[in-house]
Amino acid sequence: MNAPSIDFDDVQGTILRGYRVDYARHFVLSIDNVPAMSSLLSSLVSGTNGLPKITTALRLESKPESFLNLSFTNTGLSKMGLSDEQLQTFDSSFQLGATNPSVANNIGDVGDSAPSNWIDGLNDGGQVHLLISLWARDSKEVLESISATLASAFSGVATIILQHDANALPDNKIHFGYRDSIAQPTVKGAPPAKYEPDDQPEVATGEFLLGYKNEIGGTYTVSPTELSLNSSYAAFRILEQDVAGFNAILDSFAQTTGMETEMVAAKVCGRWRNGNPLTLSPDQQEPVLPTEQLNNFTYVKPEAVNDDTLGLTCPVGSHIRRNNPRNAGVVGTDSTHHRITRRAMPYGKVYNPQNPDDGNRGLIGYFINASITNQFEFLTGQWDQTSTFVKSAEAPGGSPAGNAVFNISGEDVFLGVNDPSNSSFTFPKDGVNGSNNVNVTGFGRTIITRGSVYCFFPSITGLRYLANLAASQG
Ligand code: HEM
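Below is the structure:
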């Protein structure tokens, strides 16, 4: 499949470009005055009336000091004037919204993570209409100054339900101490990345943009056609991280297995905390590999020496292998049809074990895809919550060392709905049918959902269409 030619200036930037910034501020808004929202939207699309311009995927020669993107919820699109008939052509989970009980239940937003416990007004999906996200390259002053401009522009147009900041930590670390934002899909036809692309297969454009062929030859579309080319969806997530709780789990796994705590941290994730993948640094963390090599690996190899079909090096149930099994066999469509682009950043202060607190910290941002149902929800609801998706596979030569299906148990340590009474993680070892595996249990959740919004990022053409449509609404 040849790469399609994409009009980058018609695509909202965050879908195809990682901004790599220090600060972000997310505004969750409820529309009060539809015609006024129409004018605000027009000004944001054109960058007029003193407002910042919505960033597109067209890369400028020098990196701007700020970036802005905007997305609507299902109720937001309805408010702007889309008919029920049109909305029925959208992704089915997007139509229901993140607070819908069956949606929440499916992806593990239950118990403490249930919508009824979400912060501010996020538990009331009906009043959440749009999200505006502002990113500042390196200056908090720029963030504050553009935020002030936006806040005054919102006055009389929309109410801010939630305003939430994010700030990068050194070396792209997140609160559990791992380096993040390494593995991202290379989308066919997308603007070239800063580094040489990794050696992973490119993913069909239609997995991330509506209107193009996806990995199985279909095309996600919506009605009207003005919204159907170059638009995308995302799950916006606020995920609180309990660092002390996570460290305690690692220590307890280390005790049970006799492994070093850092090795345990690498096994549950699939990468060492410095970002090196276990597949390339199997025995110890080692100095961090060059950025352009960090994602050059697969799990299954034809030659026995480098093969990890059984997950003896990178566990089959580790976070990165569950969320992208790469070339390892899975039941159903392969991993290329379930990829997501992660645009999330940490929030809150770094946890200091010398001065423990129960502070509010975590990860906030967008998990982007052309189908919420088949990508974000498939990962979080299926591969992160089950262990039966792995296809029967032995190491090359039919090794007596076992079969991959025996080498995974329970749910993802990060994202699973783990209950100490039945949680389980497998450290695979050589042995017929997993006979020598070490299983650990007794751990609970250390990542709690504090809010979520399912959103639709219209193309620039789509935003203009919506602004015109809303201008005629009463
Ligand atoms: C607070 C929550 C989370 C934490 C602490 C976390 C942590 C990590 C870390 C440390 C990595 C390795 C760095 C990298 O490859 O870029 C990673 C990769 C990844 N995570 Fe998460 N993650 C979180 C939430 C999620 C969610 C909600 C999803 C959505 C399903 C997700 C899907 C992925 C994927 C697809 C990869 C890349 C896998 C690959 O291609 O090898 N993560 N995550």
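Under the working numbering, the first residue of the sequence shown is numbered 945, with each subsequent residue one higher.
Quick reminder that beta carbons are idealized off the backbone N, C-alpha and C, glycines included.
Determine the closest residue to residue i out of the options, with distance taken between C-alpha atoms.
i       : options                            : result
Ala1112 : Tyr1122, Thr1103, Leu1106          : Tyr1122
Tyr1409 : Phe1152, Ser1175, Gly1306, Thr1019 : Ser1175
Arg964  : Lys1007, Gly1070, Ser983, Ser949   : Lys1007
Ser1367 : Ile1193, Asp953, Gly991            : Ile1193
Asp953  : Ala1314, Cys1399, Ile1404          : Ile1404
Pro1168 : Thr999, Asn1218, Gly1406, Gly1325  : Gly1406
Ala1148 : Ser1091, Ala947, Trp1079, Asn1351  : Ala947
Lys1245 : Gly994, Asn1239, Arg1266, Thr1223  : Thr1223
Glu1146 : Thr1280, Phe1034, Gln1229          : Thr1280
Asp1142 : Ile1391, Asn1239, Asp1035, Gly1309 : Asn1239
Gln1298 : Cys1213, Pro1226, Val1187          : Val1187
Asn1049 : Phe1401, Ala1414, Glu1321, Phe1333 : Glu1321
Asn1318 : Ser1037, Ile950, Cys1399, Leu1004  : Ser1037
Leu1154 : Phe1011, Gly1341, Ser1315          : Ser1315
Ala1134 : Gly1341, Ile959, Arg1283           : Ile959
Val972  : Ala1095, Leu1040, Ser1331, His1282 : Ala1095
Val1382 : Pro1259, Asn1362, Glu1009          : Pro1259
Ile1104 : Ala1092, Ser1353, Leu1026          : Ala1092
Asn1412 : Gly957, Ala1178, Asn1362, Gly1025  : Gly1025
Asn1250 : Ala1288, Gln1228, Tyr1164, Ala1339 : Ala1339
Thr1017 : Thr1330, Ser974, Arg1287           : Ser974
Ile1285 : Ser1046, Gly1386, Gly1375, Ile1126 : This sequence places Thr at residue 1285; Ile is not what is there. Ranking the options by Cα distance to Thr1285, first place goes to Ile1126.
Ser1196 : Val1212, Ile1090, Glu1236          : Val1212
Gly1041 : Glu1009, Ser1057, Gly1070, Ile1063 : Gly1070
Phe1387 : Cys1399, Thr1200, Pro1290, Glu1085 : Thr1200
Between residue i and residue j, what straight-line distance do the alpha-carbon atoms span, to the nearest angstrom?
i       : j       : result
Gln1417 : Ile1076 : 21 Å
Leu1254 : Asn1268 : 16 Å
Pro1364 : Gly1261 : 17 Å
Gln1128 : Thr1242 : 14 Å
Leu1130 : Pro1344 : First, the amino acid is wrong: residue 1130 is Thr here, not Leu. Thr1130 and Pro1344: Cα-Cα distance of roughly 37 Å.
Asn977  : His970  : 21 Å
Pro1372 : Ala968  : 40 Å
Asp1068 : Thr1043 : 7 Å
Ser1083 : Ala1001 : 22 Å
Val1419 : Leu1173 : Any property of residue 1419 remains undetermined from this structure, which presents the chain solely from 945 to 1418.
Thr1205 : Asn1191 : 9 Å
Arg1215 : Arg1305 : 22 Å
Gly1395 : Lys1023 : 22 Å
Val1072 : Leu1171 : 20 Å
Thr992  : Phe1401 : 20 Å
Val1101 : Ser987  : 13 Å
Glu1355 : Leu1014 : 33 Å
Glu1005 : Asn1380 : 56 Å
Ser1225 : Tyr1139 : 21 Å
Leu995  : Gln1032 : 33 Å
Gly1341 : Val1334 : 19 Å
Phe1152 : Asn1313 : 5 Å
Gly1162 : Arg1283 : 15 Å
Gly1055 : Ile950  : 43 Å
Asn1061 : Gln1039 : 21 Å
Identify the continuous beta strand (DSSP E) that holds residue i and give its terminal residues.
i       : result
Met1289 : 1285-1291
Phe1333 : Where Phe1333 is concerned, there is no enclosing beta strand (DSSP E), given that its DSSP letter is neither H nor E.
Asn1383 : 1382-1385
Glu1184 : 1176-1185
Asp1109 : 1102-1111
Gly1306 : 1306-1313
Phe952  : Premise fails: Phe952 is in no beta strand (DSSP E) and is neither H nor E.
Ile1392 : 1391-1401
Phe971  : 967-975
Ser1262 : Neither: Ser1262 is in no beta strand (DSSP E) and is coded neither H nor E.
Ala1080 : 1074-1080
What first and last residue would you give for the alpha helix (DSSP H) that runs through residue i?
i       : result
Gly1406 : 1404-1415
Asn1050 : 1045-1051
Val989  : 978-990
Val1212 : 1205-1213
Leu1031 : 1028-1031
Asn1018 : 1018-1024
If you drop the 5 nearest sequence neighbours on each side, which residues of the same chain put their C-beta closer than 8 Å to that of residue i?
i       : result
Ser1336 : Gly1273, Asn1347, Ala1348, Val1349
Gly1276 : Phe1333
Thr1165 : Thr1033, Leu1154, Gly1155, Ser1172
Cutting at 7 Å between CB atoms, please list the residues of its own chain near residue i, excluding the five before and the five after it.
i       : result
Thr1324 : Ile1051, Gly1052, Leu1359
Gln1030 : Ser1167, Pro1168
Glu1230 : Asn1220
Asp1115 : Arg1123
Lys1293 : Gly1303, Arg1305
For chain C, find out if any of its Cβ atoms is closer than 9 Å to the Cβ of residue i; answer yes or no.
i       : result
Ala1209 : The chain inventory of the structure shown lacks chain C, comprising one protein chain alone.
Apart from the five residues on each side of it in sequence, which residues of its chain come closer than 6 Å, Cβ to Cβ, to residue i?
i       : result
Trp1079 : Tyr963, Val965, Ala968, Phe1011
Asn1271 : Thr1242, Val1244
Please confirm whether any heavy atom of the ligand FAD lies closer than 8 Å to the CB of residue i.
i       : result
Leu1183 : The ligand FAD is absent from the structure shown, which contains only the ligand HEM.
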